[in-house]
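Numbering (our numbering), first residue to last: 2 to 192.
Accompanying notes for the structure given below.
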Ligand code: 5GP
C-alpha cells in the first residue's frame with residue numbers, strides 16, 4: 002500500500018536488532034484517520050469472508066484492530082499477556098515469545114469471547130517470526146473458531162513468519178512488506 006510505505010519511509014526509524022519503530026502513528030501515538038484508512042483496506046480485502054470477530058494481541062494491535070472492526074461491524078477481542086502459565090479453566094491459552102521484549106508469556110482469551118461458530122480475522126501491527134500469529138491460531142483452534150486469514154500492517158518479509166503462516170495454508174494480507182532494513186541503509190520494500 003503506497004500510502005503506508007510513504008508514511009513508514011517518512012516517520013519510521015530502524016533500530017539495531019531488527020526493530021522498526023513507527024510509534025508516531027501506529028502503536029504508541031495513534032493517527033486515527035490514517036489507521037481508519039488501513040482499516041478500510043483490510044475491509045476491502047476480507048469483506049466477503051464472513052468475519053464476525055477480529056482477534057489481536059495487547060497492546061500494540063488493539064488500535065488498528067478497533068479502527069478496522071468499525072468497517073466490519075464486529076467486536077475486537079484482544080489476547081491478554083499473562084506472565085504465569087498457571088491460569089484458570091475459563092480461558093483458552095497459548096504460549097508465545099515476545100519479539101520486542103524477548104520474554105516468554107502465555108496469551109489468554111476468555112472462553113466467553115471466542116468459540117465455535119466464530120469466523121476470525123487475526124490482525125496485528127507487525128509480522129516478524131510469526132510467534133504472536135501462531136499463538137492466536139492456537140487459541141482459535143482450541144476454541145473451534147475458524148480463521149479466515151491474517152491482516153498485518155507491516156510484514157518484515159525477510160523474517161520467517163510470513164512464509165511459515167502461508168505454508169500452513171493461511172491467507173496472509175500485509176499492507177506493507179519490508180524486504181530489508183538497517184539503521185544505515187534504510188528501508189527497502191518488496192515489489
Ligand atoms: P512475531 O511474533 O511475528 O515474531 O512478532 C510480531 C509481534 O512483535 C508484533 O505483535 C509486534 O508487536 C512485535 N514486533 C515484531 N517486530 C517488530 C518491529 O520491528 N517493530 C515493532 N514496533 N514491533 C515489532
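Where a beta carbon is used, it is the ideal one built from N, C-alpha and C, also for glycine.
Small disclaimer: the values here were computed from a predicted structure and weren't measured.
Residues near residue 39 in its chain [Cβ-Cβ closer than 8 Å; skip 5 each side]: Counting from 1 along the chain shown, the entry for residue 39 is found at position 38. So the qualifying residues of the chain are 2, 5, 65, 68, 69, 154, 176.
Straight-line gap, residue 99 to residue 84 (C-alpha atoms, nearest Å): Mapped onto the chain shown, residue 99 falls at position 98. Mapped onto the chain shown, residue 84 falls at position 83. Looking at the two C-alpha atoms, the distance is approximately 11 Å.
Contact the segment 69-82 vs the segment 47-57: 3+ CB pairs below 8 Å: Below 8 Å, enough C-beta pairs join the segment 69-82 and the segment 47-57 to call them touching: three or more.
Closest Cα partner of residue 110 within the set 82, 103, 125, 119: Position 109 of the chain shown holds residue 110. For residue 110, the nearest C-alpha among the options comes from 82.
Supposed close pair residue 173, residue 147 - CB separation, criterion 8 Å: Here residue 173 corresponds to residue number 172 of the chain shown, with the count starting at 1. Here residue 147 corresponds to residue number 146 of the chain shown, with the count starting at 1. Not quite, the Cβ-Cβ distance comes to about 16 Å (not below 8 Å), so this is no contact.
Unbroken alpha helix (DSSP H) run spanning residue 39, endpoints: Mapped onto the chain shown, residue 39 falls at position 38. Its alpha helix (DSSP H) spans residues 33-47.
For residue 131 and residue 152, believed in contact at Cβ under 8 Å, the rounded distance: Looking up residue 152 in the chain shown gives position 151. Looking up residue 131 in the chain shown gives position 130. That pair is no contact at about 14 Å.
Distance CB(residue 112)-CB(residue 91) smaller than 8 Å: Here residue 112 refers to the residue found at position 111 of the chain shown. Here residue 91 refers to the residue found at position 90 of the chain shown. In contact: residue 112 and residue 91 (Cβ atoms closer than 8 Å).
Three-state secondary structure assigned by DSSP to residue 88: Your numbering for residue 88 matches position 87 in the chain shown. Three-state DSSP puts residue 88 in coil, outside helix and strand.
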